[in-house]
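Numbering (full-length UniProt numbering), first residue to last: 1 to 285.
Next up, the structure:
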C-alpha cells in the first residue's frame, strides 16, 4: 500500500482537488465529511487515526466523490443524505436538500405546540424532513404529509422508517385539494414552491442543475398560487384556533399578509430567519 493512501494524505488530496471551487476551510470540511461517510468514523476518530491506510477501493470512491463535486453536484446528493434537525435523511434528485431556514420553521412549530395528540398536515413532503421531525418531537402527534411526486413519497417513507416515526404519506395534488378527503386539523405546515422564474438567474448552478424544479419554481404571474390553495384548504379543514405555518419567499411577505387577511386568518406574523430575511409566516384560524 503506497503512503499516498492514508487518511492524512487523502485529506490533502481532497483539499488540493477542490481548491479551485472551494475555499481551503470549505475543502477541509468537505474532506472530513467524505471520510466520515467512507470510513464510518467520527471527526475525532479521523483526527486520531491519520496514519491509517486507505484501501484502493476506498480511494477510488473518493475520486468519484470529487468528480461529482467538480460537476457542481451538492455534497448531500453526492452522499445521498443530509442532516436536518439532528436527524439524517436520504435525499436524491426527486427531493430538495433540507435548508437551515426550514429547521427554524420546524423549531418554531415544536416550541409553540406543546399539546398532545395534535392532527398535523404537511404539504410538499420532499424528503419528509418537516413531518418526520414533528412526529419525532411532538407528543403522540398524528402526522400526515402529501406530495405530487411519487418518488418523493417513496423517499420520505424510507426516511420515516429510518428515523423510527409514524407518518402517513399520500400522493396528492394540492392545487386540486377539493377532490380528496381531509381530516379536521390542528396544524397545517408547508414549504411549497416559491421561487419565481425571474429569480432563477440569481441562483447557484448546483441548485439549478440538480434540485427538482417542480419543488422550487412558480410562475412569475402567480407566485402565491400554492399559498392561496393551501389557505383555502385551511379555511375548510383547519379547526378554529388551528395554526397555519409557511416558509415563504423573502420578497413576498407583504403580499402573503394580504392574502391571509383576505382569507380570514388572524394573528398573522411574518418571521425573520437567522439571516434577518422574511422567511416564515404563521397565522391562526
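The beta-carbon is built from N, C-alpha and C at its ideal position, and this holds for glycine as well. Values in this document were obtained by computation on a predicted structure and should not be read as measured data.
Sixteen is the threshold: when 16 or more other Cβ atoms of the shown chains lie within 10 Å of the Cβ of residue 10, as they do, the residue is buried.
In this structure, the CA atom of residue 53 is about 10 angstroms from the CA atom of residue 59.
Contact annotation, residue 63 with residue 6: C-beta distance approximately 16 angstroms; criterion of less than 8 angstroms not satisfied.
DSSP places residue 68 in the helix class (H, G or I) of the three-state scheme.
Under the three-state reduction of DSSP output, residue 245 falls in the strand class. In its chain, beyond the 5 residues on either side, 82, 84, 89, 127, 129 have a beta carbon closer than 7 angstroms to the beta carbon of residue 98. Listed in chain order, the non-local C-beta contacts of residue 115 below 6 angstroms within the same chain number zero, local neighbours out to five positions each way being set aside. DSSP places residue 284 in no alpha helix (DSSP H) but in the uninterrupted beta strand (DSSP E) bounded by 278 to 284. By the neighbour-count criterion, in which 16 or more other beta carbons inside 10 Å mark a residue as buried, residue 56 falls on the exposed side. In the structure shown, the three-state DSSP call for residue 268 is strand.
In the three-state scheme derived from DSSP, where H, G and I count as helix and E and B as strand, residue 167 is classed as coil. Taken in chain order, the whole alpha helix (DSSP H) runs of length 4 or more contained in the segment 102 to 156 are 129 to 137. Closest option to residue 187, judged by alpha-carbon separation, among 34, 30, 112: 112. Around the beta-carbon of residue 276, fewer than 16 other beta-carbon atoms lie within 10 Å, marking it exposed.
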